[in-house]
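Student: Before I ask anything, here is the structure I am working with.
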Amino acid sequence: MLVDGPSERPALCFLLLAVAMSFFGSALSIDETRAHLLLKEKMMRLGGRLVLNTKEELANERLMTLKIAEMKEAMRTLIFPPSMHFFQAKHLIERSQVFNILRMMPKGAALHLHDIGIVTMDWLVRNVTYRPHCHICFTPRGIMQFRFAHPTPRPSEKCSKWILLEDYRKRVQNVTEFDDSLLRNFTLVTQHPEVIYTNQNVVWSKFETIFFTISGLIHYAPVFRDYVFRSMQEFYEDNVLYMEIRARLLPVSPALLSVPPTSFALA
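In case it helps, mature numbering (1 follows the signal peptide of the UniProt record, and there is no 0) puts the sequence shown at residues -29 to -1, 1 to 238.
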């Protein structure tokens, strides 16, 4: 369409107005489309189509109030556990009201659990290492090794003289400090992980050392039975409804006192 002369100015104004209206109209459509897509994405999340009843709405409102309060507190103090190393944030997380509510809520499943790392290590120290006939020795590298035996096993080139833990504790000046040292050897936890674990190889080496250290405690039939039961108890207390345990099925030492290994079963 030609718009050269003065008589064509109204047509030009109309055309410009139409273009402007089309531009603003399409912008609104984009905003509406975006909002619609965000809503659809939100509804695709787990529970996105779930309609809460009155009590559930109140519970959700209470939980969100606590969550927002904790986020505001983190912004005020600049102490935000999700931004910290887990070893340093763990005690803060355990004090969180939101965490303790989530801990009580039902959880679907815990998958791919390694059998040798599914129980609180504190239980191994305070319970298992205090059981009768538990012995300790140290490798040339200073790594602890444990074994249940009666009588005391003979020494070998791979380890120092075996000592009954009951007798060893009588020799140390501070039993609590000794037990704390056991716990440090059973876990990766340290106050300065960024200094201790400089790369992945260092972490993995410590990880394998831990498995080597505690295997002598776990792979003893009476302990192994209690260990698996304890793991289920701990996950039950966290309201986990299903466990998938990944096990290597390593040999389990039979119980002492001449009880046949076939007498032991997990259930």
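Backbone N, C-alpha and C define an ideal beta-carbon position, used for all residues, glycine too.
Output yes or no for whether 8 Å exceeds the beta carbon distance between Phe182 and Ile114.
Tutor: Going by C-beta atoms, Phe182 is not nearer than 8 Å to Ile114.
Student: I need the boundaries of the alpha helix (DSSP H) containing His104, first residue and last residue.
Tutor: Per DSSP, His104 belongs to no alpha helix (DSSP H) and is neither H nor E.
Student: Take Pro77 as the anchor and find which of Leu221, Ala218, Phe206 has the nearest alpha-carbon.
Tutor: Considering only alpha carbons, the answer is Phe206.
Student: Please state if the CB of Leu29 and the CB of Gln68 are separated by a distance shorter than 8 Å.
Tutor: Their beta carbons are not under 8 Å apart, which means Gln68 does not touch Leu29 by this criterion.
Student: Can you list, in chain order, the residues of its chain with a C-beta nearer than 8 Å to that of Leu212? Leave out the 5 residues immediately preceding and following it.
Tutor: Here the set comprises Pro77, Lys78, Gly79, Ala80.
Student: Which same chain residues end up closer than 7 Å to Tyr139 when comparing Cβ atoms and leaving out the 5 residues on each side of it in sequence?
Tutor: Excluding residues within five positions, the ones whose Cβ falls inside 7 Å are Ile107.
Student: Rounding to the nearest angstrom, what Cα-Cα distance links Val174 and Leu159 in this structure?
Tutor: About 8 Å.
Student: May I have the straight-line CA-CA distance separating Leu34 from Phe70, to the nearest angstrom?
Tutor: Roughly 10 Å separates the two Cα atoms.
Student: Classify Met(-29): buried if its beta carbon has 16 or more other beta carbons within 10 angstroms, exposed otherwise.
Tutor: A caution first: Met(-29) carries a pLDDT of 44, below 50, which makes its placement in the model unreliable, though a value can still be read off. Exposed.
Student: Which whole-angstrom value describes the C-beta separation of Ser127 and Phe109, a residue pair presumed to lie in contact below a C-beta threshold of 8 Å?
Tutor: 12 Å between Cβ atoms; not a contact.
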